[in-house]
Structure formats: structure tokens, C-alpha cells
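Chains as they are written, first to last, in this note's numbering: chain P, -7 to 306; chain D, 2 to 379.
The C-beta atom is built at its ideal place from N, Cα and C for all residues, glycine as well.
Every value quoted in this text rests on a predicted model; they were computed, and no experiment measured them.
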């Protein structure tokens, strides 16, 4: 796999329109087989015939989900530790959510304020700064939970993990790039971290959509304004792989976000600034390399004034 | 008069053939905006509309339309309403309750069937219908030897599709489980909501009582049965998440009372309650105005209102606004909230029936047990 000038292609959901083949062709990905990470599909992992047909290439799924399940089944102590880690992460997320709710309400109220523009602007900045501080705190705490787990269960101290990591490394070596599918972003991150894939991605050409794209940023931000349980404030789930810094990827915003609610969009955009919040809707294709955005087809970013604007190539 | 009936009668009383054609090509009852006209055809001394809606006459007479064997009455029903009704037909001095012969839409409950009137704007939610694309869970039968009730108790257990013994699942205890399955499409609802990621895969214990008005009416034996017999049985039989937030109880009507009572008697055991049209009778002064079956309920509710404690962390409540119980349910909400309990209360333009309870399941279940939708970005 290449080690410099890697190509990163980020896409919106591959339904109803599939644009992966077109995007890969335009990106000029080197010939050869591609590795696939479809762990986010969980039990449906490896069901990649459709992608294979579209791309017309040999694909090799890494089966991170299945590998993880087998590993846990063979090593109850590892399963118990992973469960404890998830329990702690969920608890942490729950407490973060309690605090987030209040700060988000306050920030939204501030953004509605009129009057003395200097005073209002200052209070708005402070309200958003508090949200950012909470996000940072949560990210830091979540990472420390992960660090504790990784310190105890890593390939150095765990031979089976080392063997799996070697197998995966060999697959990476014979592939021209890696495709990361959408699906459950938490599962995806968990499995990639368990097998140390997040660190290997740095040197890879990557094509990813939806959850796959989210996982490549430094922070994974969850959002859904239209879930049956009601509107919720966007939440930082935790750290992503950090392969693509400076962006927060938000897939399927047309379905999931109240895109016409300028106040919500403004808050989202300002809260995660200086990262750029990028909407990846169906049909969107974003190509980046080391020097920034090379191509952006129907990709929009969230603006600080609460509007969606077209993302342009550098 | 309804425009269709006016047209039928525009040249006076119609011939039998014209009525036959009218009946054959028309959907009943006749919905014209918020006006709903109920029509009965047949020989009778009197016909009444019975729809047990709080706020309306219990028996509203239909008017005979000329010399035609047609009877009709019109009521106003707000948009989105759904009511159940029967006709009470008097012949030879005898009265008989029947479903509307001109309306094929029926709702079933343990006492039989009622005709259903869907006012302008009502649509049955798609997630209540069987979806062949949704992976189906499985219903298993189990038995518990109950010391509390001194006999065997049969239950059904809903096990979600792709169940794995190495996973852990939330537990939902469902009162009147067989009725929820039969009359509120609970299995399809669970299959669909799990498939749509709106709720997580969960295990449901569907219980039934041979004497529900007693056992569900704030009976301490029932609370003990749930806590000391059912819960341990489920915990040893299935991989459950061992936390109150992952344990819920639900029920409708007296099942709602049983749910609240069991959680109140066993604080800290059940984190989530789903209470539908709970029969929460109480009295501020004097005796309650309902029947003797409510005596133990009112006694419990009066005590509960004095000392609610913390029966659960989150409670979803729903009630139809055409139910007399709407007053009791509304009253309960601020009392629960004052205890720091997170409460979501939903009112519907519906009455005390299974389809009302069915139609509220999505909001209740997805709020109490949020699914992975939040984490899934396809």
C-alpha cells in the first residue's frame, strides 16, 4: 500500500444513488485489490458483492467484527474487559449528555438574543466556549478509558491479537487501498481500535462513506434531529482515527438534520469550529489529499451563519 | 345532512335498488371533514350509537330517514381521531349491541369486536403492520412455578432476531402479553422497531393473569411475583443487562396500575415504565366514583400520591382524550415529575382500546429504550 500522497475519498450514503465507482475512478486509485472494513454492518459484515461488482475489483474484507467476536469468545477475560470499557464509556456518555443538555439550551437561548451587539456577541462566544470545553473534557475522559483498556490488551501482551494484527497487516500490504463502509460508527471505531487498524490507515488510500468517513476525523460527532425519541443535541462520541484532521463529517444531513433551522446549524458549525462541519449527503463525493480538498462534488459545509454552503476545492 | 345522503334523498325517499347501490359503493361511516355520519340499514324500533366516549352521550339516537329502513346520526370528530363504536338496535322491545354491518373495519379486544371509525386524518402507522423485510423475532413459551400464586404461570418470551447468548439484552415485562400480541400487534411492532434500529434488540416477558382485575389491581402478591419469581427466572434463562435502566414494565388499563404498583413496591429494580391509559383511580375526598374493582386501586393510588417515592427513573404515559381516565392520568404527571422522574406524557384523540395503545408503542418504547439509530450512519 502506498505510503505518501495518499488519496482519501469520502462519500455520502450509498443509497439510493451509488457513486462509489465513479468517485474511485475519478480519484485515480492505483490498480489492485482493495481491503474492505465492513465491521459497521456487524452480522452482515462481508456482504460486499454489490461493491465488488460496482468497482470491478477484487475486494478482501478484513472481517474485523467477526475476528473480534471470535477473540472475545475464546478469551472471556478480554470480553469482560471490553464490556467493562463499554460500560464506562456509556456511563461517561450519559453524564456528558446531562451536562450537554443544559449548556446547549443556554447556547441556543444566547443565539436568539438581540440587543447590544457587542454584549450579545460576547455572551454567545462564551456560551459556545462552554460547550466546546465540555466536548473537550468528554473527549479527554473517553480517551483515558480507551487508553486503560489498550494498555492492558494490546498485541504486545496478547499473542492472539498480535497474530491477528499481523494477518491484517499482510492484507493491507497487498491491497491498493481500503474501503470503509457506513453502518454503526461505534462498532466500527471499537473494532478498528481493537486491532490497531486506526494507526495503519495513515499510510493508506481510503474510500469511505457515512460512518466510515466519520471515523476518519479526529472527533466523531453523533447527530439526529428526527429520531422517534425526539430531537437531541449533537454529541461527541469520542475520538476518530484522526486520519483526516480539521473536519467533522455529518452524513445524510437531509434526512437527519433540521437543515432549515438556522440556529441549530449555526450552533453546530460554531461549536465544532475551527473544524469544518461537512455534510455528506447521498451523491456527495469529497476527495482530499495532503494539500487539502481536491474535488468536492455536491458537498456542502455548515456555515457560521446557519446556512449550508457549497464546499469548494482548494 | 351528509352530502352523500342529501344526494341520495334529493328526489325524496330512494327506491330499494338505489339504496342497494349506495350502500355497495360507499364507505361507512361517512366522513365529511370533522362531521362523521353513522348509518344503519334495517328494520328497527330504535337505533343508538354507542361509543363510550367521555364527553359524548353514551347512547346517541339515530334518526330514521323517511320510509327507507335507513337510520343516521352525525357527530363532530376532530381531525386524526379514532373511535370504536357499536349500534344498539331495538326490535320488539329488546336491545342488542351489534357491530356496524356496513363497516368492515373492526378492532378486537378480549370482549369481542367493535367497529372502528377513523376520522379524517387518521392513518394506521406503517410500523404496526407486518413487514416481511423485517427480521422476525421468536416467541417461546415458558412456565414458572409460582410460590406466590401457588401454581404454575405460563408466559411467552419474545426473543429478538439474531439473538446471541453472548450478548446482553434489556428486559421488558408486558402485562396482558397475549392481548398485546393479538390486539396491538406487539410482535410486529417489536420486530419492526428493532429492524429500524429505533429500539435495541430486547427480550420481552409477556405475562398473563387468570384474574387480572384482582392481581393487576395493586395486588402485593403480583408485585412479589414480578420481583421475586419472574425477574430471577428471566435472569437465569436469558442474558440480561443487570441494571434497572435496562428493565422495564409496561401495561395498559389495569396493567398500567400493576406496572406502577410493582415498581413502587420494588424501588430500584425497574428503571423504565410504560403506562397506557392506566386505571389510576383516586379520591381527593370521600370514596372514588368507580366500581368495586377499583377499591384496591384507589387505596394504592391515594397512598402513592401521598408518598410516590421513586418507582422508576423514566416513565412514558399515554392516554386517550376520549377516555374518562384522562383526568387521572393528567393528574399523575406533575406528581411524578415532582419526584425528579423523567416523564413523557402523550395524549391521543382516541379512547380506551388496544389500537390506541398499539399506536403509541413506537414513541413509548423508543423513548424508554432508544435504539442504535443514533449510532448508525448507513
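Could you tell me if residue 30 (chain D) is buried or exposed, where buried requires 16 or more neighbouring beta carbons within 10 angstroms of its beta carbon? buried
Using a Cβ-Cβ cut-off of less than 8 Å, give me the residues of the region 214 to 244 of chain P that come near chain D, in sequence order. 214, 216, 219, 220, 221, 222, 224, 229, 243, 244
Under 7 Å, Cβ to Cβ, is there at least one residue of chain D near residue 177 (chain P)? In terms of beta-carbon proximity, residue 177 (chain P) lines the interface with chain D, with at least one pair separated by less than 7 Å.
What residue from D:104, D:2, D:204, D:171 has the CA that sits closest to residue 178 (chain D)'s CA? D:204
By the DSSP assignment, the alpha helix (DSSP H) with residue 15 (chain P) in it spans what residues? 12 to 19
State yes or no: is the C-beta of residue 17 (chain P) within less than 7 Å of the C-beta of residue 167 (chain P)? no
Indicate whether at least one CB of chain P lies closer than 7 Å to the CB of residue 363 (chain D). yes
I want to verify the contact list: residues of chain P whose CB lies under 7 Å from the CB of residue 357 (chain D), in sequence order. Neighbours of residue 357 (chain D) on chain P: none; closest Cβ ~18 Å, over 7 Å.
As an exercise, report each continuous beta strand (DSSP E) stretch of at least 3 residues that is fully enclosed by the region 141 to 170 of chain D, in chain order. 152 to 160
Neighbour flag for residue 5 (chain P) against chain D, beta carbons, 7 Å: yes
Tell me the rounded alpha-carbon separation between residue 292 (chain D) and residue 181 (chain D). If I take the Cα positions, the gap works out to 25 Å.
Just curious, the beta strand (DSSP E) that residue 253 (chain D) is in, first and last residue? 248 to 253
Which residue wins for smallest C-alpha separation from residue 70 (chain D), given the options D:281, D:20, D:99, D:131? D:20
Residue 35 (chain D), DSSP secondary structure in three states: Coil.
Check whether the Cβ atoms of residue 263 (chain P) and residue 137 (chain P) lie closer than 7 Å to each other. no
Here's the rule: buried if 16 or more other CB atoms are within 10 angstroms of the residue's CB, otherwise exposed. What is residue 5 (chain P)? buried
Any C-beta of chain D under 7 Å from that of residue 203 (chain P): yes
Taking residue 38 (chain P) as the query, report the chain D residues whose CB atoms sit under 9 Å from its CB, ordered along the chain. Within chain D, no residue comes near residue 38 (chain P); the closest Cβ sits about 15 Å away, beyond 9 Å.
Which residues in chain D have a C-beta closer than 7 Å to the C-beta of residue 65 (chain P)? List them in chain order. By Cβ distance, chain D contributes 167.
Among D:46, D:49, D:377, which residue has its Cα nearest to the Cα of residue 215 (chain P)? D:377
Chain P contact for residue 275 (chain D) (CB, 7 Å cutoff): no
Which of the three DSSP states is assigned to residue 52 (chain D) in this structure? coil
Strictly under 7 Å for the Cβ-Cβ distance: is residue 252 (chain P) near chain D by that measure? no
Could you name the residues of chain D that residue 174 (chain P) contacts, counting a contact when the two beta carbons are closer than 9 Å? Chain-order list of chain D residues neighbouring residue 174 (chain P): 377, 378, 379, by C-beta distance under 9 Å.
Residue burial classification, residue 14 (chain D) (beta-carbon count within 10 angstroms, cutoff 16): exposed
Inter-residue Cα distance where the pair is residue 249 (chain P) and residue 271 (chain D): 33 Å
Measuring CB atoms only, is the region 216 to 234 of chain D touching the region 254 to 271 of chain D, in the sense that at least three cross pairs come out at less than 8 Å? yes
How about residue 336 (chain D) and residue 369 (chain D): are their beta carbons less than 7 Å apart? no
Go ahead and pull the three-state DSSP assignment for residue 113 (chain D). strand
Determine the direct distance from the alpha carbon of residue 77 (chain D) to that of residue 8 (chain D), and round the result to whole angstroms. 21 Å
Rounded C-beta distance between residue 231 (chain P) and residue 210 (chain P)? I'm assuming under 8 Å. Right, their Cβ atoms sit about 7 Å apart.
Taking the alpha-carbon of residue 371 (chain D) as reference, which of D:96, D:170, D:2 has the nearest alpha-carbon? Looking at the Cα atoms, D:170 is the closest of the given residues.
As assigned by DSSP and simplified to three states, the class of residue 270 (chain D): coil
So, are the CB atoms of residue 126 (chain P) and residue 91 (chain P) less than 7 Å apart? yes
Check the Cβ of residue 62 (chain P) against every Cβ in chain D and list those closer than 9 Å, keeping chain order. Those within 9 Å of residue 62 (chain P) in chain D number zero; the least Cβ separation is about 11 Å.
If we count the other Cβ atoms within 10 Å of its Cβ and call it buried at 16 or more, is residue 187 (chain P) buried or exposed? buried
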